[in-house]
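Peer 1: Got a structure for you, written out below as structure tokens; questions coming shortly.
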Amino acid sequence: MRSLKLHINVGFRETEEPVTAGDGIERLADGSFQLILSHEVEFNIDYLENALLKTTYPALRTALSEHLEQSSKKKPVNYVKN
Numbered sequence: 187m188r189s190l191k192l193h194i195n196v197g198f199r200e201t202e203e204p205v206t207a208g209d210g211i212e213r214l215a216d217g218s219f220q221l222i223l224s225h226e227v228e229f230n231i232d233y234l235e236n237a238l239l240k241t242t243y244p245a246l247r248t249a250l251s252e253h254l255e256q257s258s259k260k261k262p263v264n265y266v267k268n
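This is the structure we're talking about:
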């Protein structure tokens, strides 16, 4: 039986790059997404949580869209309903 493997990688690291303008999410050449935050929010859990959600949402939507597009081109498979 065919399976689907989901892979998500989220991380934090210090950088000297400028803060992302206007809190916009940037899509990089490798297809990943990033948001560069001010060091001033490093311990603000609510702000960081919101930033993570804002950054991962476009990544999730893009991955889902690409998966559905590719899957629609394949031979139909009988799926078991959950």
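Residue numbers (this note's numbering): 187 to 268.
We treat Cβ as the ideally placed atom computed from N, Cα and C, and that holds for glycine.
The structure displayed is predicted, hence computed values, not measured ones.
#1: Locate the alpha helix (DSSP H) running through Arg247, then write down its first and last residues.
#2: Since Leu238 contacts Val196 with CB under 8 Å, what's their CB separation in whole angstroms?
#3: Report, in whole angstroms, the separation of the C-beta atoms of Ile211 and Thr241, which I expect to be a contact under 8 Å.
#4: For Ile231, which residues from the same chain have a beta carbon less than 8 Å from its beta carbon, with the 5 sequence-adjacent residues on both sides left out?
#5: DSSP on Glu212, reduced to helix/strand/coil?
Peer 2: In brief:
#1: Element bounds for Arg247: Ile231 to Ser258.
#2: Confirmed, about 7 Å.
#3: About 6 Å separates the two Cβ atoms, so the contact holds.
#4: Excluding residues within five positions, none has a Cβ falling inside 8 Å.
#5: Reduced to three states, the DSSP call for Glu212 is strand.
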